[in-house]
Amino acid sequence: MSALRELYQQVILDHNKSPRNYHPLVDPTRTVDGYNPLCGDHYKIYVKMDGDRIDDVSFTGTGCAISKASASVMSAMVKGKTREEVERIFNDFHALVTGSIDADKNLDRLGKLAAFSGVSEFPARVKCASLAWHTLHAALQGTGASVSTE
Amino acid sequence: MHTVTSQSDQDLKDRFLAIRGCRHHFPLLRQRVNGKPLVYFDNAATSQKPQVVIDTLMRYYEEENSNIHRGVHYLSERATQAYEAARVKVQHFLNAAHHREIIFVRGTTEGINLVSSTYGPMKVGPGDEILISTMEHHSNIVPWQILCEKTGGVLRVIPINDAGEIILGEYEKLLTPRTKIVALTHVSNALGTINPVRKMIDLAHAQGIPVLIDGAQAVPHMKVDVRELDADFYTFSAHKMFGPTGVGILYGKTKLLDAMPPYQGGGDMIKSVTFEKTIYNDLPYKFEAGTPSIAGGIGLGAAIDYMNELDMAGVAAFEQELLSYATRLVGEIPGLRIIGTAREKAGVLSFVIEGIHPHDIGTILDDEGIAIRTGHHCAQPVMQRFGVPATARASFAFYNTKEEIDVFIGALRKVIEVLG
């Protein structure tokens, strides 16, 4: 049960039950749809930019606890950040869920992201955790109106 | 009277005991997953293989491997004989009139694509209709949509009720002079519903409309007789009926197959080729271009031999017993809703739990060594019909046990403990 407890940490359970910024945004600069076609997970990410900075971000949609908590934590973390700062967090997140950095040794750097340290033990769930991040990435890059994890 | 009943009860008990004894034919089931004994409840996705099928594949590669229908040498002759013997086994398995009506394909998906891309354009023109049901797998939706895009045909859909049963009155209304083909699943992979295909074929035939049946989920669980059903086309995959992956069967009536153009061009499907003109081969080879899955075909023959030894009526009754036991026990889990409650159901238990996503259910069950399917089951329209994005699905085979269902129920309680 310990790998499972590691996966479903309290932070994840909490964000799944009460997701932050879980609503459409009025007047967004961009919206992008993210799909995981294998499982049917679907989120829409709304971003309102102020120059190079994310003024506001929100999301709607459905998916598993991991994907929803990830979208929620992400929305809370990136608000007010510049593209460059978001890029750094995105890279950290990706390294974390694919197991290429050790969460325990990088707690300060990772902050709330550390809650996703258990994901790397469940390869089938990496896509769940990454879906919202890839969608946000596409929104910031301005590449297309939808992304797919396949 | 009482004595008769208890005798037949005893008889059924003995038959179930014999069926339970078959579990040891499946070597994969002996393993542990995450430190727990494997509970394999993903049989609607693919079944496990008995030792005789595995041995047949081994023996083929160790002793018989050669290309078929080409060589004059000993091995080619031996492989050809084994492959063609498998075709005859399939013919008898389905009670088809002739072995030329048995086409080897890659699986059910290819069987449907073969019909939609050869028979389809012959029959379907602008405004003509193809009739399917709400509960079809994507493989019995998308090929027809592609046909419609090419021909201007229109896809029509038979509605289902809240239990997941076809509404026959609506079906009858949808059969019109514009309907050119009906394509139906025999058993729904997502809901477990067993459709009244015999009756539905009769209704279509009354108006001269041919019917294709997707039998992928039916053949592992019940005796199928294509002549008794009077199906025009019937298709299934070997891997869901204890055979290898990569091979399946399309049955078609000779009269229809003869009139159809070839599916793919290549070796084996021709009688003679010049740059000016090619003469196509006879049935069934006209539809079998290229080197097929020879080992797969022979392995399917071994799976049929295995199934012929099984007490299939007993298997069906045993699987019903597993289904009703599981249905009763999951009913006691708070917040759990079964999707698909048809009166006639195969051993498929599709469900959702309030507030918990099926993927999270799947991950926690996997940690307990239990394999189930989670997601939309390649049947997104039926998910939309029930207003859910996905379900968790446990699907049973005759080698499963009530003890495994007990483990499954315990794990579902753990899911609620962790995520509820």
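So the protein sequences, as listed, match chains S and L.
The end of the first sequence is residue 394 by the numbering used here, with every number in the run present.
The end of the second sequence is residue 423 by the numbering used here, with every number in the run present.
Where a beta carbon is used, it is the ideal one built from N, C-alpha and C, also for glycine.
Cutoff 8 Å; reference residue i; Cβ partners in own chain excluding five residues on either side
i, result
"Met4 of chain L", "Note that Met4 of chain L scores 41 on pLDDT, short of 50, meaning its location in the model is unreliable and no value can be drawn from it."
"Lys356 of chain S", "Val255, Val317, Ala320, Met321"
"Asp271 of chain S", "Lys292"
CB contact below 7 Å: residue i versus chain S
i, result
"Pro392 of chain L", "yes"
"Gly378 of chain L", "yes"
"Asp45 of chain L", "no"
"His140 of chain L", "no"
"Val421 of chain L", "yes"
"His242 of chain L", "no"
"His362 of chain L", "yes"
"Asp370 of chain L", "yes"
"Thr6 of chain L", "Per-residue confidence for Thr6 of chain L stands at a pLDDT of 46, beneath the threshold of 50, marking its modelled position as unreliable; no derived number is given."
Under 7 Å between C-beta atoms of residue i and residue j
i, j, result
"Ile412 of chain L", "Tyr86 of chain L", "no"
"Ala339 of chain S", "Ser361 of chain S", "no"
"Ile106 of chain L", "Pro295 of chain L", "no"
"Ala368 of chain S", "Gln253 of chain S", "no"
"Leu187 of chain L", "Ile216 of chain L", "yes"
"Leu375 of chain S", "Gly278 of chain S", "yes"
"Val276 of chain S", "Ala382 of chain S", "yes"
"Ile161 of chain L", "Tyr174 of chain L", "yes"
"Ala315 of chain S", "Tyr287 of chain S", "yes"
"Gly299 of chain L", "Val250 of chain L", "yes"
"Ala88 of chain L", "Ser69 of chain L", "no"
"Leu177 of chain L", "Leu134 of chain L", "yes"
"Gly391 of chain S", "Ser364 of chain S", "The residue you asked about is not Gly; residue 391 of chain S is Val in the sequence shown. No, Cβ-Cβ distance for Val391 of chain S and Ser364 of chain S is not below 7 Å."
"Ile333 of chain S", "Ala373 of chain S", "no"
"Pro104 of chain L", "Tyr266 of chain L", "Checking the sequence, you will find Glu at residue 104 of chain L rather than Pro. For Glu104 of chain L and Tyr266 of chain L, no; Cβs fall outside 7 Å."
"Val214 of chain L", "Asp235 of chain L", "yes"
Cβ distance (whole Å) where residue i is taken to contact residue j below 8 Å
i, j, result
"Asn260 of chain S", "Lys312 of chain S", "5 Å"
"Arg201 of chain L", "Ala100 of chain L", "So it is not a contact: roughly 18 Å between Cβ atoms."
"Leu368 of chain L", "Phe354 of chain L", "Incorrect: roughly 12 Å between the Cβ atoms, too far for contact."
"His141 of chain L", "Ala382 of chain L", "7 Å"
"Phe399 of chain L", "Glu322 of chain L", "6 Å"
"Leu3 of chain L", "Gly246 of chain L", "Examination of residue 3 of chain L is not possible in this model, given that chain L is present from 4 through 423 alone."
"Leu422 of chain L", "Ile359 of chain L", "5 Å"
Contacts around residue i, its chain only, beta-carbon distance under 7 Å, and the 5 residues preceding and following it disregarded
i, result
"Ser319 of chain S", "Arg264, Asn265, Val301, Ser302, Phe303"
"Ile307 of chain L", "Lys92, Val93, Phe96"
"Gly269 of chain L", "Ala292, Gly293"
"Thr2 of chain L", "This structure cannot speak to residue 2 of chain L, because chain L is shown only from 4 to 423."
"Ile342 of chain L", "Leu194, Ser353, Phe354, Val355, Phe389, Val391, Thr394"
"Arg18 of chain L", "Asp314, Gly317"
Beta carbon proximity, residue i to chain L, threshold 7 Å
i, result
"Ala376 of chain S", "no"
"Ala453 of chain S", "Past the boundaries of the shown model lies residue 453 of chain S; chain S is included only from 245 to 394, so the question cannot be answered."
"Thr342 of chain S", "no"
"Tyr266 of chain S", "no"
"Val252 of chain S", "It should be pointed out that residue 252 of chain S corresponds to Tyr in this sequence rather than to Val. Yes, its Cβ sits closer than 7 Å to a Cβ of chain L."
"Thr306 of chain S", "yes"
"Leu248 of chain S", "yes"
"Gly284 of chain S", "yes"
"Ala315 of chain S", "no"
"Ala389 of chain S", "no"
"Ala383 of chain S", "no"
"Asp299 of chain S", "no"
Residue i: CB within 6 Å of a non-hydrogen atom of the ligand SAM
i, result
"Arg73 of chain L", "Of ligands this structure carries none, so the ligand SAM is not represented either."
Close beta carbons around residue i, own chain, < 6 Å, minus the five adjacent residues each side
i, result
"Asn284 of chain L", "Met272, Ile273, Lys274"
"Ala329 of chain L", "Leu352, Ile408"
"Lys405 of chain L", "Tyr328"
"Cys151 of chain L", "Leu158"
"Asp258 of chain S", "none"
"His242 of chain L", "Thr49, Thr248"
"Ala397 of chain L", "Phe44, Leu352, Ile375"
"Val330 of chain S", "Val322"
"Glu371 of chain L", "Lys39, Ala414"
Quick check for students: name the residue ranges of the alpha helix (DSSP H) that lie wholly in the region 35-119 of chain L, counting only runs of 4 or more. For the alpha helix (DSSP H) assignment, the uninterrupted runs of no fewer than 4 residues enclosed by the region 35-119 of chain L are, from N- to C-terminal side, 54-62, 77-97.
Go through the region 159-240 of chain L residue by residue and report every complete run of the beta strand (DSSP E) that reaches 3 residues or more, in order. Those beta strand (DSSP E) runs which fall completely within the region 159-240 of chain L and span 3+ residues are 182-188, 214-217, 236-240.
Give, in chain order, every unbroken run of the alpha helix (DSSP H) that is at least 4 residues long and sits entirely within the region 328-379 of chain S. You should have 351-354.
Can you check the region 250-297 of chain L for any beta strand (DSSP E) of at least 3 residues that lies completely inside it and give the ranges in chain order? For secondary structure counted as the beta strand (DSSP E) over 3 or more consecutive residues, the region 250-297 of chain L holds these complete runs in sequence order: 251-255, 273-276, 281-283.
Those runs of the beta strand (DSSP E) which lie wholly inside the region 288-350 of chain L and span at least 3 residues: Correct list: 339-341.
Curious, which full-length beta strand (DSSP E) runs of at least 3 residues does the region 260-329 of chain S contain? Annotation: the region 260-329 of chain S contains the following complete segments of the beta strand (DSSP E) (minimum length 3 residues), in chain order: 274-280, 285-294, 297-306.
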